Amino acid sequence: MAGTYQEGQSKVLSGVYSLIKAIVQSITPGQRGIVAVPFTANWGPVNTLTVMGRATEFDATYNTKEGAAGIGEPTTAQKVRTLAYKALPYQVVGYRMATANAAKGSATLATGWTLETVYPSDRTFQAIVKPGTAAGATAVQIIENNVVLAVVEDTTVDGLKTKLDATGIVTVKAAGAALPTAAAGVPFTGGNNGATVTATEYGAFLQEVEADHTANSIAFDGVTDTATLAVLDAWLRRVRDEGFYITALRGGPTAWDNDLALANAVSKSLNYRGAVNVGNGCDGYTAADMAIFAAAYVAAIALNASVTDQVVLFEKVNVKKPLTQGGRTAAKQAGTLIFVMEGGQVLVDEGVNTLTAAVGNDVPEMGKIRINTAIDHIAGSLEQFGNAYKKTRSNTEAARRAYASLVEDEFFSPLARMEVVQPGYSYKEDPNYHGKDAAFTPKLDEAFFVSNYQPVDSMEKIYQKFGVQF
């Protein structure tokens with residue numbers, strides 16, 4: 039169990055809880071790369087998470103392909119595949135959404151055979167039955183749009199059934215007493231891909247992601263419906279408060295490309311460091327579509343790197359007229375992530391989330407994606423570390439000090455070498471709970487620690503002064 043706590047509060051369940059406070063000094067100016075995305079499709083397992091490291095795995099599972107944009111298609115799997123893997127994530131946690139209307143297609147052959155598609159789908163399969171190449175054998179072909187997907191043959195009913203079941207395309211729902219007789223092309227009918235999804239299916243996806251608890255970022259499949267996005271926003275705030283430090287990315291419709299003020303208004307209304315709002319589109323994709331790419335990109339980028347000014351693999355932004363300096367500044371100040379053209383390349387302008395008016399324990403610096411990602415990583419990792427450590431140690435002063443020393447040496451020290459945090463970090467027993475001057479009395483099973491560290495930001499602004507002599 040993990041999550042947040044307040045000073046003086048005791049929790050009921052066993053776990054590691056974090057209180058993240060920003061400490062601003064002087065003049066204040068896991069495997070990673072896992073993205074979770076839902077989509078609709080006409081093939082593949084439904085309403086379950088599928089982890090795929092490579093785009094070829096996605097293609098094989100959901101019948102997508104390399105090189106297709108997916109824009110304007112009746113389902114969103116191709117679009118998600120193209121945009122998510124363009125960002126080179128470590129893993130895509132995919133989820134094919136399907137309604138209760140989803141159904142497998144079937145074809146009835148002579149002599150009592152019924153074939154059924156492996157997954158709910160209305161793909162235009164046909165079954166062709168003809169003599170096989172071996173003496174006494176019957177061959178069955180499964181074709182789609184004149185493309186042969188599978189060919190099997192056998193001389194026995196059991197043998198033919200076994201081979202059809204192994205195609206990965208169809209299964210035998212009912213086998214006849216004899217081999218099927220010749221048929222020129224029997225269509226599969228009655229299939230439904232269940233792609234007319236609502237907020238209900240998106241909510242089910244969120245439940246699965248929460249239970250899986252591995253994703254670093256999440257986005258929907260180009261959704262612009264405000265009611266559906268409200269489900270994501272409410273879920274995000276709850277799970278982050280409970281210790282699931284995930285970043286959600288979202289965007290808007292085509293209209294945002296011509297009026298960035300619309301995107302900025304949404305960003306300001308969100309005002310949350312766990313939420314990134316994408317303000318414009320590229321290569322014909324909407325801002326909401328680009329949130330899929332941005333989610334994978336944010337998840338995959340190294341902890342010691344910034345997304346600001348990074349070149350991304352798109353040809354152009356959707357609106358040819360370049361944004362003015364004032365427009366770019368307004369987007370940053372609103373907490374809107376936008377794409378811009380510079381030198382014929384597409385760049386991420388400023389790596390910001392939607393936190394612009396800090397509340398509670400947050401400060402404006404947390405409005406940077408790099409800073410927020412580092413904080414999330416540290417909090418989440420230490421909660422996992424603590425959950426493992428507490429299983430084998432008694433709650434003694436010596437054990438607490440040993441744990442604190444271990445965290446400093448084995449966790450913070452590597453982060454400092456990677457320039458994720460500055461040198462000078464600390465992780466100690468919390469003197470408010472332990473020691474002779476403690477303000478609170480912990481229960482026998484409670485151990486409190488306090489950590490101070492400063493995240494490293496990128497060098498995004500360089501100021502130069504030149505003295506020119508003649």
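Going by my numbering, the final residue of the sequence shown carries number 508, and the count climbs one at a time with no gaps.
Backbone N, C-alpha and C fix where the C-beta goes; we use that ideal spot for every residue, glycine too.
No experiment lies behind these values; they were computed from the predicted model shown.
Check	Outcome
Beta strand (DSSP E) segment containing residue 151, residue limits	151 to 155
Residue burial classification, residue 52 (beta-carbon count within 10 angstroms, cutoff 16)	Its pLDDT being 48, under 50, residue 52 is placed unreliably in this model, and the value from its coordinates should be taken loosely. Burial call: exposed.
First and last residue of the uninterrupted beta strand (DSSP E) at residue 487	487 to 490
Residue 241 - containing alpha helix (DSSP H), residue span	237 to 250
Own chain residues within Cβ distance below 7 Å of residue 156, not counting five before or after	206, 207, 208, 209
Own chain partners of residue 509 with C-beta closer than 8 Å, once the 5 adjacent residues on each side are dropped	Any answer about residue 509 is impossible in this case: the structure gives the chain only from 39 up to 508.
Proximity winner among 479, 463, 220, relative to residue 492 (alpha-carbon distances)	463
Buried versus exposed call for residue 508 [16 or more other C-beta atoms within 10 Å across all chains shown]	exposed
3 or more residues per run - each beta strand (DSSP E) lying fully within the region 164 to 189	176 to 182
8 Å contact criterion, which residue 315 and residue 288 should meet: CB distance rounded	6 Å
Alpha carbon of residue 68 to alpha carbon of residue 481, nearest angstrom	A caution first: residue 68 carries a pLDDT of 41, below 50, which makes its placement in the model unreliable, though a value can still be read off. Distance between the alpha carbons of residue 68 and residue 481 is about 31 Å.
Nearest-angstrom Cβ-Cβ length linking residue 109 and residue 117, presumed shorter than 8 Å	7 Å
Same chain, Cβ closer than 6 Å to residue 477, neighbours up to 5 away in sequence not counted	470
Three-pair Cβ contact test at 8 Å for the region 341 to 353 versus the region 269 to 284	no
Proximal residues to residue 255 (C-beta, below 6 Å), its chain only, five neighbours per side dropped	73, 285, 333, 336, 337
CB contact flag (residue 217, residue 176, <8 Å)	yes
Close beta carbons around residue 409, own chain, < 8 Å, minus the five adjacent residues each side	403, 493, 495
Inter-residue spacing [alpha-carbon to alpha-carbon] between residue 115 and residue 259	8 Å
Contiguous alpha helix (DSSP H) assignments of at least 4 residues, all confined to the region 244 to 299	264 to 279, 293 to 296
Simplified DSSP state of residue 481, which is helix, strand or coil	coil
Buried versus exposed, by CB contacts within 10 Å (16 or more), residue 312	buried
Beta bridge counterpart(s) of residue 144 as assigned by DSSP	154, 227
Through-space distance from residue 261 to residue 268, alpha-carbon basis	11 Å
Same chain, Cβ closer than 7 Å to residue 125, five either side skipped, listed in chain order	331, 334, 335, 338
Spatial neighbours of residue 98 in its chain, beta-carbon cut-off 7 Å, leaving aside the 5 residues before and after	none
Inter-residue Cα distance where the pair is residue 430 and residue 407	36 Å
From 376, 257, 159, 221, residue whose alpha carbon lies closest to that of residue 233	159
Contact set for residue 146: own chain, Cβ-Cβ below 6 Å, skip 5 residues either direction	152
Residue 406 in three-state terms, based on DSSP	strand
Where residue 455 sits in the DSSP three-state scheme	helix
Alpha-carbon spacing of residue 419 relative to residue 310, whole angstroms	21 Å
Selection from 178, 223, 340, 183 that minimises the alpha carbon distance to residue 204	178
Stretch-stretch touch, CB-based, cutoff 8 Å, three pairs: the region 78 to 89 with the region 128 to 147	yes
Segments of 4+ residues assigned as alpha helix (DSSP H) that fall wholly inside the region 68 to 154	93 to 100, 115 to 124
C-alpha distance - residue 395 paired with residue 304, whole-angstrom precision	14 Å
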